[in-house]
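Q: Protein chains in written order, with our numbering: chain A, 48 to 408; chain B, 48 to 408. Just dropping this structure here.
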DNA sequence: CTGCCTGCTGGAAAGGTTTCCGGGACGAGG
DNA sequence: CCTCGTCCCGGAAACCTTTCCAGCAGGCAG
């Protein structure tokens, strides 16, 4: 068995003192000439092909080192039809949750030899479809998508056309789209949070959340169903918008200004939580006394807040890693030891009760 | 003047009902055949070359639409020697500051037609050099780097070898490296913060900061110089480590446990600030009464904290945008209206006094 | 009418790699 | 001695574009 050698990783400077200026990056051609062999032989040595004599390997590797040759991944990708790159389009990298997912996915993919092509859609579905197309033209081997709007018609159409494997993160798979997905069980955490508030006597709720799609819809439904199941005249006003600090702030201001102020606010999203806390603070409302509050994702702000903020939390990086693995499952030829991975992964969420949830007045 | 047409953006599905299965993505060859012209003509039409008759343009575009042709950027990059992609290696994407810088840079580069190849070094300089090499082999047109360690010998060596334009963000340019940089004037903000604390009577300081390099060193020097200039017996213990929440927490615990507890803590970095606040909170220390505190970067946590945290703040996305523009200045042929951009950009920082800085006991 | 220039087009090379295929050398078996 | 098979190696096509160059037709001036 012959090991493939990877000249790309040699950090050593070429032995040859090629002074700056002339030396255009040497190609395989130069290596072949210098070693006095054919290009095909160089290629075989470098790619670990079995039909290579020890002597050949030696002379080629010497030439490679002397010239400091590093293969051109562009040409390689073109010829092989595989680029070892995956596209990741995300609705907002500045969102710490998404950033952590990207981190996890990048790490896992890097370990498997893939690079990440990152695009940011700024919550704009038009950019999503543009990016999907762009990444395909760049010939990525696969796509990981955290879509701005999973049901945008253009987006769905684009998704249907995609030829490479796709993994959706925390989004439902639109009908007619061949994809895998990793999602969180937001409902479980939200249900627990709502029940907790109910037990503490709350009946008037406000929920701040994103649009009508996956992560927001799950949360909303969990809250509504839990309240309905409880009967008891519990009621919840819904504030739908986008997952941004700004909307969290605006919605909270609106809630505080309303005639019938709820006794409990649930912020369904970490950006919304930050915005809500800023607004509550600006209004001088004492969280945990005048009003109870539940947020999402256990950021430092939740723990440090006075009083500490109860949150629905989850293992964020796990989602990134899971997404990468789902994709790798499709990209790498099925290893025997890794039987076909599931099409969908659902990760748990958990409610953490803290002092921000007080008994209802 | 002829406009270049970009078939990549057509979101319309091909007129031709090419049923799934057979149709391998059509190439320029298929388009040429269908239009009954030569490939060179197709290329000319698509790239906006002037030597194209109206009739030619029409028939080619028709074929393009019918087949749903989208050019292969890999082959294009190979032939043109330009990939319209830039590599961005960052020490930690999960750091909200870095995430925002990436966001800004991505947006600006995208507008200019470039894609972002993102790699995460996890604070490991070895990964930095690996990534620099990898990105070069992927033939990126330029590099934006937020290095793990700007003075790591391997890193510096790798940097010296790089052939494409490089922009360093918030790092000093090692000697012998041809690069531009965008950095923050951390010293100004830190000086203001320190002076503020001095005026309030503090003499015993603790500074938590990163390693011996750029962003940390600047901050440290500013604090030390300001204290030295004040005379007055002011003193500061330095806690050097890495820019992570965990180190912020550990260092703060250590500070609180020390025999001579300082009256003011400065956290030089947003992750450190988060960690410090968590530790202070866990220890039950009342910030702004028992101890004064200054953090970095105006995250929501600083504003919402009770009492609000005084911080040194700065315009983060601006750094990303500036980095992108510095790079574009080198990548795009010098426009007349945009005279040679500066080699280095320094962005200001500003101290925001808040209640976390109390008079010294 | 000739010559030249302009406008447009097609053919082919080039960019850097991988892979298929054919073939030479050599040992073994008949 | 011939054939066959194995082991290696070199040549060339292929991947998908762009770009250079040559050529052809037509217009215009001389």
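Each residue gets a CB set at the ideal place from its N, CA and C atoms; glycine is no exception. From a predicted model like this one, the values you see are computed outputs, not experimental measurements.
In whole angstroms, what is the alpha-carbon distance linking residue 112 of chain B and residue 170 of chain B?
A: Along the second chain, one-based indexing puts residue 112 of chain B at 65. Along the second chain, one-based indexing puts residue 170 of chain B at 123. The alpha-carbon atoms of residue 112 of chain B and residue 170 of chain B are separated by roughly 47 angstroms.
Q: Please confirm whether residue 229 of chain B has its beta-carbon closer than 9 angstroms to some beta-carbon of chain A.
A: Position 182 of the second chain, counted from the first residue, corresponds to residue 229 of chain B. Using beta-carbon distances, residue 229 of chain B does not count as an interface residue toward chain A, since no partner is under 9 angstroms.
Q: Are the C-beta atoms of residue 124 of chain B and some chain A residue less than 9 angstroms apart?
A: As a position in the second chain, residue 124 of chain B is number 77, starting the count at 1. At least one chain A Cβ lies under 9 angstroms of residue 124 of chain B.
Q: From this set, B:301, B:359 and B:130, which residue's C-alpha is nearest residue 401 of chain B's C-alpha?
A: Counting from one through the second chain, the residue named residue 401 of chain B turns up at place 354. Nearest option by C-alpha distance: B:359.
Q: Under a Cβ-count criterion, where at least 16 other Cβ atoms within 10 Å of its own Cβ denotes burial, should residue 403 of chain B be classed as buried or exposed?
A: Start at 1 with the first residue of the second chain, and residue 403 of chain B comes out as number 356. So residue 403 of chain B ends up on the buried side.
Q: Nearest-angstrom Cα distance between residue 68 of chain B and residue 114 of chain A?
A: What you label residue 68 of chain B is simply residue 21 of the second chain in a count that begins at 1. What you label residue 114 of chain A is simply residue 67 of the first chain in a count that begins at 1. Confidence at residue 68 of chain B is low in this model, with a pLDDT of 43, below 50, so its placement is unreliable and no value can be given for it.
Q: Beta-carbon of residue 121 of chain B versus every beta-carbon of chain A: anything under 9 angstroms?
A: For this step, residue 121 of chain B is matched to residue 74 along the second chain. It does: the Cβ of residue 121 of chain B has a partner Cβ on chain A nearer than 9 angstroms.
Q: For residue 68 of chain A, does the three-state DSSP call read helix, strand or coil?
A: Within the first chain, numbered from 1, the residue matching residue 68 of chain A stands at position 21. Summary for residue 68 of chain A: the model assigns pLDDT 42, below 50, so the residue's position carries little reliability; its value from the coordinates is reported in the next sentence. Three-state result, residue 68 of chain A: coil.
Q: Measuring alpha carbon to alpha carbon, tell me which of B:367, B:268, B:378 and B:396 ends up nearest residue 211 of chain B.
A: The sequence position of residue 211 of chain B within the second chain is 164, counting from 1. Among B:367, B:268, B:378 and B:396, the Cα nearest to that of residue 211 of chain B belongs to B:378.
Q: Give the DSSP bridge partners of residue 361 of chain A, in chain order.
A: Along the first chain, one-based indexing puts residue 361 of chain A at 314. Answer is A:396.
Q: At what residues does the alpha helix (DSSP H) containing residue 277 of chain B begin and finish?
A: Counted from its first residue, the second chain places residue 277 of chain B at position 230. 261-277 is the span of the alpha helix (DSSP H), which, as asked, contains residue 277 of chain B.
Q: Hey, how far is the Cα of residue 390 of chain B from the Cα of residue 164 of chain A?
A: If you number the second chain from 1, residue 390 of chain B lands on position 343. If you number the first chain from 1, residue 164 of chain A lands on position 117. So the alpha carbons of these two residues sit roughly 27 angstroms apart.
Q: Among the candidates B:120, B:98, B:88 and B:220, whose CA atom is the shortest distance from the CA of residue 108 of chain B?
A: Position 61 of the second chain, counted from the first residue, corresponds to residue 108 of chain B. Here the closest residue by C-alpha is B:88.
Q: So residue 171 of chain A contacts chain B; which residues on that side make the cut at Cβ distance below 9 angstroms?
A: On the first chain, residue 171 of chain A is found 124 positions in, with the first residue counted as 1. Contacts between residue 171 of chain A and chain B, judged by CB atoms closer than 9 angstroms, are missing: the closest CB pair is about 11 angstroms apart.
Q: For the alpha helix (DSSP H) containing residue 342 of chain B, name the first residue and the last one.
A: The residue given as residue 342 of chain B occupies position 295 in the second chain. In the DSSP assignment, residue 342 of chain B falls outside any alpha helix (DSSP H) and within the unbroken beta strand (DSSP E) covering 339-343.
Q: Applying the criterion that 16 or more other CB atoms from any shown protein chain within 10 Å of the CB defines a buried residue, is residue 393 of chain B buried or exposed?
A: One-based indexing of the second chain puts residue 393 of chain B at position 346. When all chains shown are included, residue 393 of chain B counts as exposed.
Q: Taking the alpha carbon of residue 246 of chain A as the point to measure from, which residue in A:408, A:78 and A:80 has its own alpha carbon closest?
A: To locate residue 246 of chain A, count along the first chain from 1; it is residue 199. When each option's Cα is compared against that of residue 246 of chain A, the closest is A:408.
Q: For residue 312 of chain B versus residue 338 of chain B, is the C-beta spacing smaller than 9 angstroms?
A: Locating residue 312 of chain B in the second chain gives position 265, where the first residue counts as 1. Locating residue 338 of chain B in the second chain gives position 291, where the first residue counts as 1. Yes, Cβ-Cβ distance for residue 312 of chain B and residue 338 of chain B is below 9 angstroms.
Q: Could you tell me whether the region 178-195 of chain B touches the region 199-213 of chain A, where touching means 3 or more Cβ pairs closer than 8 angstroms?
A: Touching, no, given that fewer than three Cβ pairs across the two stretches are closer than 8 angstroms.
Q: What first and last residue would you give for the alpha helix (DSSP H) that runs through residue 178 of chain B?
A: Looking up residue 178 of chain B in the second chain gives position 131. Residues 172-184.
Q: Applying the criterion that 16 or more other CB atoms from any shown protein chain within 10 Å of the CB defines a buried residue, is residue 129 of chain B buried or exposed?
A: If you number the second chain from 1, residue 129 of chain B lands on position 82. An exposed status is given to residue 129 of chain B, since fewer than 16 other beta-carbon atoms sit within 10 Å of its beta-carbon.
Q: By how many angstroms is the C-alpha of residue 195 of chain A removed from the C-alpha of residue 64 of chain B?
A: Here residue 64 of chain B is taken as the residue at index 17 of the second chain, counted from 1. Here residue 195 of chain A is taken as the residue at index 148 of the first chain, counted from 1. Residue placement at residue 64 of chain B is poorly supported in this model, since its pLDDT is 42, which falls under 50; the coordinates are not used for a value here.
Q: With respect to the alpha helix (DSSP H) encompassing residue 114 of chain B, which residues constitute its N-terminal and C-terminal limits?
A: As a first step, residue 114 of chain B is located in the second chain; it is residue number 67 there, counting from the start. Counting along the chain, the alpha helix (DSSP H) containing residue 114 of chain B begins and ends at 101-114.
Q: Does the CB of residue 147 of chain B have a neighbour CB from chain A at under 9 angstroms?
A: By one-based count along the second chain, residue 147 of chain B stands at place 100. Output row for residue 147 of chain B: interface = yes.
Q: What does DSSP give as the partner residue(s) for residue 167 of chain B in the beta ladder?
A: On the second chain, position 120 is the one that residue 167 of chain B refers to. Looking at the DSSP assignment, residue 167 of chain B forms a beta bridge with B:137.
Q: Helix, strand or coil for residue 348 of chain B per DSSP?
A: Working through the second chain from its first residue, we reach residue 348 of chain B at position 301. Three-state DSSP puts residue 348 of chain B in a helix.
Q: Taking residue 138 of chain B as the query, report the chain A residues whose CB atoms sit under 9 angstroms from its CB, ordered along the chain.
A: As a position in the second chain, residue 138 of chain B is number 91, starting the count at 1. None at all; the shortest Cβ gap to chain A is about 11 angstroms.
Q: Is any beta-carbon of chain A found at less than 9 angstroms from that of residue 68 of chain B?
A: Mapped onto the second chain, residue 68 of chain B falls at position 21. Here residue 68 of chain B scores only 43 on pLDDT, less than 50, and its place in the model should not be relied on; the value that follows carries that caveat. Not an interface residue.
Q: Between the alpha carbons of residue 368 of chain B and residue 161 of chain B, how many angstroms are there, rounded?
A: Along the second chain, read from residue 1 onward, the residue named residue 368 of chain B stands at position 321. Along the second chain, read from residue 1 onward, the residue named residue 161 of chain B stands at position 114. So the alpha carbons of these two residues sit roughly 13 angstroms apart.
Q: Ordered along the chain, which non-local residues of its own chain (more than five positions away) have a Cβ less than 8 angstroms from that of residue 406 of chain A?
A: Position 359 of the first chain, counted from the start, is the residue given in the question as residue 406 of chain A. Hits under 8 angstroms: 247 and 248.
Q: Check whether the region 223-238 of chain B touches the region 256-265 of chain B, counting contact only when three or more Cβ pairs, one atom from each stretch, lie closer than 8 angstroms.
A: yes
Q: Excluding five sequence neighbours on each side, which residues of the same chain lie with their C-beta closer than 8 angstroms to the C-beta of residue 303 of chain B?
A: Start at 1 with the first residue of the second chain, and residue 303 of chain B comes out as number 256. Within the same chain, residue 303 of chain B has close Cβ partners 326, 327, 330 and 332.
Q: Pop quiz: residue 345 of chain A and residue 322 of chain A are said to be a contact at Cβ under 8 angstroms. What is the actual Cβ separation, rounded to whole angstroms?
A: Within the first chain, numbered from 1, the residue matching residue 345 of chain A stands at position 298. Within the first chain, numbered from 1, the residue matching residue 322 of chain A stands at position 275. No, residue 345 of chain A and residue 322 of chain A are not in contact; Cβ-Cβ is about 17 angstroms, not under 8 angstroms.
Q: I want to know whether the region 143-156 of chain A touches the region 131-143 of chain B - three or more CB-CB distances under 8 angstroms.
A: yes
Q: Who are residue 189 of chain A's beta bridge partners in DSSP?
A: Residue 189 of chain A sits at position 142 when you count from the first residue of the first chain. According to DSSP, residue 189 of chain A bridges with A:133.
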